[in-house]
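Enquirer: As numbered in the numbering used here, residues 34 to 308 make up the sequence shown, in order.
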Amino acid sequence: MNYRHLYHAGNFADVFKHVVLTALLQAMQRKPKPFCYIETHAGAGKYALNSTTAHKTQEFEQGIQRLWHLTDIPELVSSYLEIVKKFNPSNQLRTYPGSPCLARQLLRPEDRMVLCELQSEVYAQLRQEFSRTKQARVYLEDGYGILKAILPPLERRGVVLIDPSFEQANEFKNLVRQVHAACQRWETGVYVLWYPIKSQRILQKFHRDLVATGIKELLTIQLYVYPKDVELRLNGAGVVIIHPPYQLDNAISQVLPWLCEKLTVERGSYVLEYL
Ligand SMILES: C[S@@+](CC[C@H](N)C(=O)[O-])C[C@H]1O[C@@H](n2cnc3c(N)ncnc32)[C@H](O)[C@@H]1O
């Protein structure tokens, strides 16, 4: 495993994923019953953007940096930025909260989180970050393996974020297989699957395979910062949300055009549709 999220922290794909996650966790808070937030591929929790590693790629400059000094911001993006600002109290962008730290800010005291990371150094950072949080359990394990052990959660309400590093050639195929098995164990959970978009052919096959499992209520949201037909290293990023909460599609569709305009590099676009 060579992947280190620090190289990518705060890039356009992170901003997109974390705005969607903010909307989703806000929607989960609308019902009083506690929920469980589960992350299979959690990463380090937060990232120092002034580290030499992050500076090597400068990816955050085309992501969170572009939004940092804007003033006229849609409400949902503003909620997300307020959380990022909590990690940067001097107002200088130095730290980027990954999904575990972002999610923690969007849980209520009665909610719970389970985080999983396989890379031992990254796990050590994550565990340190959450060492004083009683509502979180952090595991050094394969994220798909943990799903077998903990689904369905005691609360019977919750979100599973699956955000793999896509280092393996068969990652899309494996993702479909694992999600199908997870849904069989816990049918009513909300699942968020994040994926990079390099080729429309691979994306369409992934979507077809998901539909073929018979899982219902598949919402896909994609954000492109380059034209869709140009196969670059990464021309877009997407999520599939299984069983999205009521009105989540509406909340996200209201900010997608704005996000696209701010993050595009060349002829960006977006998609929001049910498969
Ligand atoms: C894309 S990063 C996660 C980023 C994080 N979700 C965020 O948004 O801040 C993927 C992480 O998964 C870890 N990883 C890779 N294979 C794994 C596995 N089988 N189980 C758990 N974690 C894994 C990698 O070490 C990496 O830290």
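From the three backbone atoms N, C-alpha and C, an ideal C-beta is built for every residue, glycine too.
Would you identify the three-state DSSP class for M146, choosing helix, strand or coil?
Expert: Three-state result, M146: strand.
Enquirer: Out of L54, G178 and Q98, which has the shortest C-alpha to C-alpha gap to S112?
Expert: Here the closest residue by C-alpha is L54.
Enquirer: What span of residues does the beta strand (DSSP E) with G191 cover, start to end?
Expert: Counting along the chain, the beta strand (DSSP E) containing G191 begins and ends at G191 to I195.
Enquirer: For V272 versus I248, is the C-beta distance shorter than 8 angstroms?
Expert: Taking 8 angstroms as the Cβ cut-off, V272 and I248 do not qualify as a contacting pair.
Enquirer: Less than 7 angstroms separating the Cβ of L180 from some heavy atom of ligand 1?
Expert: Outside the cutoff, so no.
Enquirer: I'd like the list of long-range same chain contacts for K167, defined as Cβ closer than 7 angstroms, with 5 residues on each side in sequence excluded.
Expert: So the list is empty, once near-sequence residues are dropped.
Enquirer: Which runs of the beta strand (DSSP E) spanning at least 3 residues fall entirely within the stretch 199–244, listed in chain order?
Expert: Counting only runs of 3 or more, we get 223–230.
Enquirer: Taking the beta carbon of N283 as the centre, do at least 16 other beta carbons fall within 10 Å, making it buried, or is it exposed?
Expert: The residue in question, N283, is exposed, as its Cβ has fewer than 16 Cβ neighbours within 10 Å.
Enquirer: Say the cut is 7 angstroms; is the CB of E72 nearer than that to a heavy atom of ligand 1?
Expert: Indeed, a heavy atom of ligand 1 lies less than 7 angstroms from the Cβ.
Enquirer: From the DSSP output, read off the bridge partner residues of I71.
Expert: DSSP output for I71 lists V147 and V193 as bridge partner(s).
Enquirer: Within 10 Å of its beta-carbon, does V263 have 16 or more other beta-carbons around it, so buried, or fewer, so exposed?
Expert: Flag for V263 reads exposed.
Enquirer: Between the stretch 62–75 and the stretch 184–195, are three or more C-beta pairs nearer than 8 angstroms?
Expert: Judged by Cβ distances under 8 angstroms, the stretch 62–75 makes contact with the stretch 184–195, as three or more pairs qualify.
Enquirer: For G96, is the beta carbon positioned less than 7 angstroms from some heavy atom of ligand 1?
Expert: For ligand 1, not one heavy atom lies less than 7 angstroms from the Cβ of G96.
Enquirer: Run through DSSP, which three-state label would R137 get?
Expert: Looking at R137 - three-state DSSP - the assignment turns out to be helix.
Enquirer: Where in the stretch 36–62 do unbroken runs of the alpha helix (DSSP H), each at least 4 residues long, occur, reported from the N-terminal end onward?
Expert: Counting whole runs of 4 or more residues, the stretch 36–62 contains the alpha helix (DSSP H) stretches 45–61.
Enquirer: Output the distance between the C-alpha atoms of L148 and H88, rounded to the nearest integer angstrom.
Expert: Straight-line Cα distance between these residues: approximately 27 angstroms.
Enquirer: By a C-beta neighbour count over all protein chains shown, 10 Å radius and 16 as the cutoff for buried, is E72 buried or exposed?
Expert: Label assigned to E72: buried.
Enquirer: Using the DSSP secondary-structure output, state which residues sit across from P107 in a beta bridge.
Expert: Per DSSP, none; premise fails for P107.
Enquirer: Would you list the residues sitting across from Y307 in a DSSP beta bridge?
Expert: Note: Y307 sits in a beta bridge opposite L252.
Enquirer: What separation, rounded to the nearest whole angstrom, lies between the Cα atoms of K179 and Y224?
Expert: Here the sequence assigns Ile to residue 179, which means Lys is not the residue at that position. Cα-Cα distance, rounded: 15 angstroms.
Enquirer: Is L151 near ligand 1 - that is, is its Cβ less than 7 angstroms away from at least one heavy atom of it?
Expert: Yes.
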